[in-house]
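Comments concern the structure below.
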């Protein structure tokens, strides 16, 4: 992940525009954090996305995380380009973690939450996640959603 400083903004906007996220060079890999207490869910996500999602993007590398505290710690350290959080994980669900990350990190990469069912998308919206994909994981839906997040211009 590369952070690029933006030109000086008016004082009222400086806090929200101090850095932006950019896609790494083609030689770098995109680091995807995959959180679930269920190893099978983590494996399904990684199999669905594969090593390279699109020819225009760098290869994907994965950081598997099985506990909420490790998600926070890993995200605090930086170098994550996208976080995929299982909203059904226990004891700490991905939606609560997403909200905490969005509230606490100065610059937070995009977050995708895996929901228990399509009707739970409103909860993912509450958590400030950029996207939600329901269980069971559909590789095409997950791939398209992740591709959209990785290609979206940074705000």
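Residue numbers (the UniProt record's numbering): 1 to 155. We put the beta carbon where it would ideally sit given N, CA and C, even for glycine. Computed from a predicted model, the values in this text were never measured in an experiment.
Review point. Which residues does DSSP pair with residue 48 in a beta bridge?
Key: Paired residues: none, contrary to the question.
Review point. Of the residues 57, 110, 137 and 135, which one's Cα is nearest the Cα of residue 128?
Key: 110
Review point. How is residue 43 classed by DSSP in three states: helix, strand or coil?
Key: helix
Check your understanding: With DSSP run on the structure shown, which of helix, strand or coil describes residue 64?
Key -> strand
Review point. According to the neighbour-count rule (16 or more other Cβ atoms, all chains shown, within 10 Å of its Cβ), is residue 42 buried or exposed?
Key: buried
Check your understanding: By the 10 Å Cβ neighbour count, where 16 or more other Cβ atoms means buried, how is residue 83 classified, buried or exposed?
Key -> buried
Practice item. Over the uninterrupted beta strand (DSSP E) stretch that includes residue 31, give me the two end residues. Key: 30 to 35
Review point. Taking the continuous alpha helix (DSSP H) assigned at residue 139, which residues delimit it?
Key: 139 to 151
Check your understanding: How many whole angstroms separate the CB atoms of residue 95 and residue 113, which I take to be in contact at a CB cut-off of 8 Å?
Key -> 6 Å
Check your understanding: Taking C-beta to C-beta, are residue 89 and residue 138 nearer than 7 Å?
Key -> no
**Study point:** Spatially closest choice to residue 56 from 132, 28, 73 and 120, by CA coordinates
**Key:** 28
Check your understanding: If we ignore side chains and look at the alpha-carbon of each, how far apart do residue 125 and residue 131 end up?
Key -> 8 Å
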